[in-house]
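Quick mapping for you: the protein sequence lines, in order, are chains A and B. Take 1 as the starting number for the first sequence in the numbering used here and just add one per residue. Take 1001 as the starting number for the second sequence in the numbering used here and just add one per residue. All residues carry an ideal CB built from backbone N, CA and C; glycine is no exception. Notes follow the structure.
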Amino acid sequence: MGPVWRLEWTTALRRRRLLALNTGIPLLLVVPIAVGGAPAFHAAAAYAVLFVLFATFGSAIPLVRDGEGGHLRRMLLAGGSGQGILVPRLLAGALLDTLQLLPAVLVILALGRAGTHLWLLAGPLLLGAVLAGNLVGVWVAALARSLAEGALFAAVVSLFLLHGSGVFRTPAPGSLAAAVEPLVPFTALHRLLLAGAGGVSMPPGSIPAGLLATWGGALLLLGVTAVVAQPLMERISPPVR
Amino acid sequence: MGSLTTVRPVRARGLRYRYPGTRRQPGRVAIDGLALEVEAGERVALIGPNGSGKTTLVRLLATDLPPTDGTLELLGRPARPASPALRRRIAYAADRPIHWEPLTGTENLRFLAEVRGGGLDSGGRDPLEVARALGLGPVLDEAVSRYSFGMRRRLLLAEVLATFAPLLLLDEPTVGLDPEGVAALGRELRQRAGAGAAVVFATNEVREVPGWATRVLFLHRGRVVADAPPDQLLARVRGRTRIAVTCVGGEGAELAPLLRDGEEPVAEASESPGLRTVQIRTARGARLLPPLLDALLDAGAEIRQVRVREPDLRDVFQELTGVELQAESTPGRDES
C-alpha cells in the first residue's frame, strides 16, 4: 500500500502505550454506561459522541501536530504528493481507529443482547463512520492554526454533525432536520448503538439504506478530499517559521 | 564529469521574499531583488550573518517558500507551483532535522527514499552506505528517538546525499557535526558535485568553505554583495593577520608607535565589564605580538587571552560590508 500506509501502521504498533490507551479508554467509558442501566437513548447518545469525537480528534490532532512539527512538510518537500500522503494516511487511520473502537462496540452489543444482524453490521458501519469522522478531521486540520484550534473545531463540527444525525433529539417528521438526518454518515451508527443499547430496534430492512448513507457519505467526502489533497496538505503543513 | 541534468539547475531574476506580516507590522524583506544562476556541478556557498537571507534563499530554492516577486526557475521549470515531480529532483536538508522518532535510522532512510519514488535498493546510491560514511553505522538499527542532535543531523544529511537529485540544498550542514563528520560531509559534497549535481549550501563555517565551494556568495540584507570563487575573495585579505589581545586595564598603552602603514587597531570590543579586546590587522603576522604585549604590560594591563588568526572569508565579508561575521563553532577547531 505504499510507504505512508506502512509508516502509519509501524508507528501505531510501536507506540504500544498509546495503542493500549486508545483501546482501553473507550471500554472504560462504555462499560459503566452499558451495565449502569442508563436509558437507551442517553446511552446511545453518549456512545455516539464518544466514537465520533474519537474519529475526528484522532485524525485532526495528529495532522495538526505533524503539520506544526514539519513532518508533513518534509514529505511534501521530498516529492510526496498530497494524495499519496493523505489518502493512505486516512485509510490506515480509519482502520486503526476502528480496530481500537471495535471492542467497545462489541461490549455494547453483547451487554444489550443484540441480534445477529447488528453484530454483522457493527464492523462495516463503524469503519464507514470512522472514515467519515477522520475525513471531517482532515478539513478541520486544514482550518486550524494550532492544536487548540484543531480540538475546538473538531468538537464543534462533530457535535453539529451528531445533532444532525438525531443523536440529541428525534427530528419532527416532515422537518428539514428529518430530511437531512438519514444522509449524515453517523446516523446509521447511532441507530445501531441505540438498538444495541436496547432502545428502538434497527429493522433489517433499514440496513442497506444505513450502509449506503454511511459509506456513500464517507466515499464522497474521500473523493473530494483526494481531488484537493495537494492544496489541503500545503495548508495543513505550512512552511515552518 | 558526469551530469545529472542538461538544464541550468537554478535561475533566479529579481527574486524577492517578504515574510508575512500584519497591517500594522509589515513582514521583513529577507531576499531583495536577487539574481542567481547555478550550473550543474557547481558547489555554491551562501555566507552572511544571521538575518542576511541565507536560509530564506535556500528555502526558496527548495520550494518551501513561494517567492513574493521575481522569477525563479529550478531545473528548467518554474518553481511555482511546486509539483511533486520537481520536488523529487531537489534534495533539501533543512537546518532542523525532522525524523519519525519511533522508526530506526534505516527505516527513516527507507521511508524517505520511497516517498521520493525510489527505495534503499532502487539502483541508486545506497543511503545506508552514505550514513555509514557519515559515522552512523553503529546506530542505524536504533530508534531515532535515542539519537543525539549530531546523529539526527547526520541522518538528515545521509538522506539528502544519497539521492540522485540534480539539485542539493543544505542549510548550515556542519552544525552538530564533529570534525570527522565535517570532513566526511566535505568528501560527500565533492563526490555529488563531481557526479553532476549542483550543490548550494548556507554556512558560516568559513574555515572549511574554501575547500568545499567552487563559488562563494556573500549575502547581506537580502542582497548579493560578492559572488566569486573563494580564492579570489581570499586574495583581498591575504597577508592581513588579525591579532586580538583581551586584557584588563592598560588603557594608556601607546600603540600608535608600533604600527606601520596600513596597520591600525580595529574598534575595541568590550565583552564584559572591565575586559577589553585590542584587535590589530597586520601583514607582519605574529611578529607584531611581542611589542604589542610589551606595550600593554608596560601600561599595567593584565593579559587574559591572546588570539592570532590568519585572514579568512570573515575578513573579506567585513571588508566588503563593515559587518562582522560570526563563525559557526565546530568542535575541536577553536583557534588560538
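> How about A/Pro88: is its C-beta nearer than 8 Å to some C-beta of chain B?
Replying inline: Within the first sequence, residue 88 of chain A is the residue found at index 88, counting from 1. At a cut-off of 8 Å between beta-carbon atoms, A/Pro88 makes no contact with chain B.
>> I want to verify the contact list: residues of chain A whose CB lies under 9 Å from the CB of B/Glu1042, in sequence order.
In response: Reading the second sequence from its first residue, position 42 is the one you call residue 1042 of chain B. Those within 9 Å of B/Glu1042 in chain A number zero; the least Cβ separation is about 22 Å.
>> Less than 8 Å between the C-beta atoms of A/Ala178 and A/Pro185, yes or no?
In response: As a working mapping, residue 178 of chain A is identified with position 178 in the first sequence. As a working mapping, residue 185 of chain A is identified with position 185 in the first sequence. Taking the C-beta atoms as reference points, A/Pro185 is found no nearer than 8 Å to A/Ala178.
> Between the segment 7–41 of chain A and chain B, which residues of the former have a C-beta closer than 7 Å to a C-beta of the latter?
Replying inline: Cβ contacts with chain B: Leu7, Thr10, Thr11, Arg14 and Arg15.
> Can a CB atom of chain B be found closer than 8 Å to the CB of A/His71?
Replying inline: For the purposes of this step, residue 71 of chain A is taken as the residue at position 71 of the first sequence. With respect to chain B, the C-beta atom of A/His71 has a partner C-beta closer than 8 Å.
> Hey, B/Ala1093 and B/Val1209: beta-carbon distance below 8 Å or not?
Replying inline: Within the second sequence, the letter at position 93 stands for residue 1093 of chain B. Within the second sequence, the letter at position 209 stands for residue 1209 of chain B. Pairing B/Ala1093 with B/Val1209 gives a Cβ-Cβ distance that is not under 8 Å.
> Does the beta carbon of B/Asp1231 sit closer than 8 Å to a beta carbon anywhere in chain A?
Replying inline: Numbered from its first residue, the second sequence carries residue 1231 of chain B at position 231. For B/Asp1231, the answer is no, since every Cβ of chain A falls outside 8 Å of its Cβ.
> When you compare only the Cα positions, how much space is there between B/Gly1194 and B/Glu1042?
Replying inline: The residue you call residue 1194 of chain B lines up with position 194 of the second sequence. The residue you call residue 1042 of chain B lines up with position 42 of the second sequence. B/Gly1194 and B/Glu1042: Cα-Cα distance of roughly 9 Å.
>> Need the endpoints of the alpha helix (DSSP H) that A/Leu121 sits in, please.
In response: Sequence index remark: in the first sequence, residue 121 of chain A carries index 121 (1-based). Where A/Leu121 is concerned, the enclosing alpha helix (DSSP H) stretches over Thr116 to Leu143.
> So is B/Ile1098 in contact with chain A if we call contact Cβ pairs under 8 Å?
Replying inline: To locate residue 1098 of chain B, count along the second sequence from 1; it is residue 98. Closer than 8 Å to some Cβ of chain A, the Cβ of B/Ile1098 qualifies, so yes.
> Is the number of C-beta pairs between the segment 1214–1230 of chain B and the segment 1031–1042 of chain B that are closer than 8 Å three or more?
Replying inline: Three or more beta-carbon pairs separated by less than 8 Å link the segment 1214–1230 of chain B to the segment 1031–1042 of chain B, which places the two stretches in contact.
> Mind pulling the chain B residues with CB within less than 9 Å of A/Met1?
Replying inline: For the purposes of this step, residue 1 of chain A is taken as residue 1 along the first sequence, with counting starting at 1. Result: empty, since nearest Cβ-Cβ is about 11 Å, beyond 9 Å.
> So, B/Glu1230 versus B/Leu1155, is the Cβ gap smaller than 8 Å?
Replying inline: Position 230 of the second sequence, counted from the start, is the residue given in the question as residue 1230 of chain B. Position 155 of the second sequence, counted from the start, is the residue given in the question as residue 1155 of chain B. Checking the sequence shown, residue 1230 of chain B turns out to be Pro, not Glu. Cβ atoms of B/Pro1230 and B/Leu1155: not closer than 8 Å.
>> When you compare the segment 66–80 of chain A with the segment 1095–1115 of chain B, are there three or more beta-carbon pairs, one atom per stretch, that lie closer than 8 Å?
In response: Yes, the segment 66–80 of chain A is in contact with the segment 1095–1115 of chain B.
>> For the segment 1111–1145 of chain B, list every residue whose C-beta sits within 7 Å of some C-beta in chain A, in sequence order.
In response: If the cut-off is 7 Å between Cβ atoms, the segment 1111–1145 of chain B has Phe1111, Leu1112, Glu1114, Val1115, Arg1116 and Gly1117 near chain A.
>> Could you compute how far the alpha carbon of B/Val1182 sits from the alpha carbon of A/Gly133?
In response: Translated into positions along the second sequence, residue 1182 of chain B becomes position 182. Translated into positions along the first sequence, residue 133 of chain A becomes position 133. Approximately 48 Å between the Cα atoms of the pair.
> So which residues of chain A does B/Gly1102 contact, with C-beta pairs closer than 8 Å?
Replying inline: As a first step, residue 1102 of chain B must be located in the second sequence, where it is residue number 102. The question names Gly, yet the displayed sequence has Pro at residue 1102 of chain B. By Cβ distance, chain A contributes Thr10, Thr11, Arg14 and Arg15.
> Whose C-alpha, out of A/Thr23, A/Leu90, A/Ala197 and A/Val4, is nearest the C-alpha of A/Gly223?
Replying inline: On the first sequence, residue 223 of chain A is found 223 positions in, with the first residue counted as 1. Out of A/Thr23, A/Leu90, A/Ala197 and A/Val4, A/Leu90 has the C-alpha closest to the C-alpha of A/Gly223.
> How long is the line joining the alpha carbons of B/Leu1167 and B/Pro1009, rounded to whole angstroms?
Replying inline: As a working mapping, residue 1167 of chain B is identified with position 167 in the second sequence. As a working mapping, residue 1009 of chain B is identified with position 9 in the second sequence. Between B/Leu1167 and B/Pro1009, the C-alpha separation is close to 6 Å.
> What's the C-alpha gap between B/Glu1129 and A/Leu19?
Replying inline: In the second sequence, the residue the question calls residue 1129 of chain B occupies position 129. In the first sequence, the residue the question calls residue 19 of chain A occupies position 19. The straight-line gap from Cα to Cα measures roughly 34 Å.
>> Does the structure place the segment 1055–1062 of chain B close enough to the segment 1132–1147 of chain B that three or more beta carbon pairs sit under 8 Å?
In response: Cβ pair count under 8 Å is below three, so no.
> Mind checking if B/Asp1315 is an interface residue toward chain C, Cβ cutoff 8 Å exclusive?
Replying inline: Protein chains A and B are contained in the structure displayed, whereas chain C is not.
> So is A/Leu13 buried or exposed if we call it buried at 16+ other beta carbons inside 10 Å?
Replying inline: As a position in the first sequence, residue 13 of chain A is number 13, starting the count at 1. By the neighbour-count criterion, in which 16 or more other beta carbons inside 10 Å mark a residue as buried, A/Leu13 falls on the exposed side.
> In chain A, which residues lie less than 9 Å from B/Pro1166 when you measure between Cβ atoms?
Replying inline: Position 166 of the second sequence, counted from the first residue, corresponds to residue 1166 of chain B. Per Cβ cutoff of 9 Å: no residues; B/Pro1166 is ~13 Å from chain A at best.
> Can you name the residues of chain A whose CB is closer than 8 Å to the CB of B/Thr1063?
Replying inline: Here residue 1063 of chain B corresponds to residue number 63 of the second sequence, with the count starting at 1. What B/Thr1063 touches in chain A: Leu77.
> Who are the Cβ neighbours of B/Ala1035 in its own chain at under 8 Å, not counting the five residues just before and after it?
Replying inline: Here residue 1035 of chain B is taken as the residue at index 35 of the second sequence, counted from 1. Cβ within range, chain order: Ala1012, Arg1013, Gly1014, Leu1015 and Val1224.
> Is the Cβ of A/Pro203 closer than 8 Å to any Cβ of chain B?
Replying inline: Mapped onto the first sequence, residue 203 of chain A falls at position 203. A/Pro203 does not count as touching chain B.
> If we cut at 8 Å on Cβ distances, does B/Pro1009 have a partner in chain A?
Replying inline: For this step, residue 1009 of chain B is matched to residue 9 along the second sequence. No, because no Cβ of chain A sits closer than 8 Å to the Cβ of B/Pro1009.
> Would B/Tyr1017 count as contacting chain A if we go by Cβ distances under 8 Å?
Replying inline: Position 17 of the second sequence, counting from 1, holds the residue named residue 1017 of chain B. Output row for B/Tyr1017: interface = no.
> When the Cβ atoms of the segment 1293–1306 of chain B are set against those of the segment 1232–1239 of chain B, are three or more pairs found closer than 8 Å?
Replying inline: No: fewer than three Cβ pairs fall under 8 Å.
> How would you call A/Leu162, buried or exposed, if buried means at least 16 neighbouring beta carbons within 10 angstroms?
Replying inline: Reading the first sequence from its first residue, position 162 is the one you call residue 162 of chain A. Result: buried.
> Within the chosen definition, does the segment 35–49 of chain A reach the segment 137–151 of chain A through at least 3 CB pairs nearer than 8 Å?
Replying inline: Output reads no: the segment 137–151 of chain A does not touch the segment 35–49 of chain A.
> Got a sec: is the Cβ-Cβ distance from A/Arg74 to anything in chain B below 8 Å?
Replying inline: Numbered from its first residue, the first sequence carries residue 74 of chain A at position 74. Cβ-Cβ to chain B under 8 Å: yes for A/Arg74.
>> Check whether the segment 92–104 of chain A and the segment 116–134 of chain A touch, using three or more Cβ-Cβ pairs below 8 Å as the test.
In response: The segment 92–104 of chain A makes contact with the segment 116–134 of chain A, as at least three CB pairs between them are under 8 Å.
> To which residues of the same chain is A/Phe153 closer than 8 Å at the C-beta, ignoring the five residues directly before and after it?
Replying inline: Within the first sequence, the letter at position 153 stands for residue 153 of chain A. In its chain, beyond the 5 residues on either side, Ala60, Val140, Leu143 and Ala144 have a beta carbon closer than 8 Å to the beta carbon of A/Phe153.
> Considering only C-alpha positions, which residue in the set A/Ser146, A/Ala188, A/Gly150 and A/His117 is nearest to A/Gly164?
Replying inline: On the first sequence, residue 164 of chain A is found 164 positions in, with the first residue counted as 1. In terms of Cα proximity to A/Gly164, the closest of A/Ser146, A/Ala188, A/Gly150 and A/His117 is A/Ala188.
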